[in-house]
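Comments concern the structure below.
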Ligand SMILES: [Zn+2]
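Residue numbers (our numbering): 2 to 128.
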């Protein structure tokens, strides 16, 4: 297998993503289902972290949802920075971020102890 547990924090710098400019989201971040604006452009700090999240789904029923490991996130330091965001109930000291309009999620997670939010690049669209 290739990249074995590259656990060294590669925070922010090595982005090959065309939607990332100067370590931030080049365009506004929106919900891929309803287009609701989640984050204004140039706000999220690009970051590589490994985090397992349940697969994205549109309803709030999370039973039987598979999980996948996601590696690219936008770090948001303050939840009030979001244009629109919803939160699920608490799971393992975190809450999942969901679309405030259509409830699609998880779009990322919110760490309750540090109050930091992380939005998965693979689960949003840039527009
Ligand atoms: Zn939505």
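The C-beta atom is built at its ideal place from N, Cα and C for all residues, glycine as well.
This one's a predicted model, so the numbers in the text were calculated from it and none came from an experiment.
First through last residue of the beta strand (DSSP E) which encompasses residue i
i, result
"residue 86", "Taken as a continuous stretch (DSSP letters only), residue 86 belongs to no beta strand (DSSP E), as it is neither H nor E."
"residue 54", "46-55"
"residue 118", "117-121"
"residue 104", "From DSSP, residue 104 is part of no beta strand (DSSP E); its letter is neither H nor E."
"residue 58", "Residue 58 -> no beta strand (DSSP E), and no H or E assigned at all."
"residue 95", "95-99"
"residue 40", "38-40"
"residue 72", "68-77"
Assumed close pair residue i, residue j - CB separation to whole angstroms, cut-off 8 Å
i, j, result
"residue 80", "residue 118", "6 Å"
"residue 39", "residue 25", "Incorrect: roughly 14 Å between the Cβ atoms, too far for contact."
"residue 123", "residue 56", "That belief does not hold up - the Cβ atoms of residue 123 and residue 56 are roughly 11 Å apart, past 8 Å."
Residue i beta carbon near ligand 1 (any heavy atom closer than 6 Å)
i, result
"residue 95", "no"
"residue 37", "yes"
"residue 83", "no"
"residue 102", "yes"
"residue 105", "yes"
"residue 34", "yes"
Check: residue i C-beta below 6 Å from any heavy atom of ligand 2
i, result
"residue 35", "The ligand content of the structure shown is limited to ligand 1, which means ligand 2 is not among them."
Three-pair Cβ contact test at 8 Å for the stretch 29-39 versus the stretch 72-88 = yes
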